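In the numbering used here, the protein residues as written are 10 to 105. Inspection log for the structure reproduced underneath, given as structure tokens.
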């Protein structure tokens, strides 16, 4: 092989090694960025889930609260009815 051919072959090999090094570096950076993006996405999902839980927290016991309010309303209505009966009795006593 001539010296020119050998020189071209050496230049080609240097270029090939340089390009392979660049490919390896870019591949590593790509993996690193993908991993980082995945971590950010997971953190965002966790944050969103936590925000949803926090937003719904005041409403978790709404059914129990409603049931309790209905019971209180029934008791108050019963008290009002009893007071109406007493007032009627007193009016009859005063009127007679």
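In this text, a Cβ means the ideal position worked out from N, Cα and C, and glycines have one as well. The structure displayed is predicted, hence computed values, not measured ones.
DSSP three-state assignment for residue 69, whether helix, strand or coil: Three-state DSSP puts residue 69 in coil, outside helix and strand.
Where does residue 11 sit, in a helix, a strand or coil, going by DSSP? Shown here, residue 11 sits in coil according to DSSP, grouped into three states, outside any helix or strand.
Can you give the Cα-Cα distance for residue 54 and residue 70, rounded to whole angstroms? So the alpha carbons of these two residues sit roughly 25 angstroms apart.
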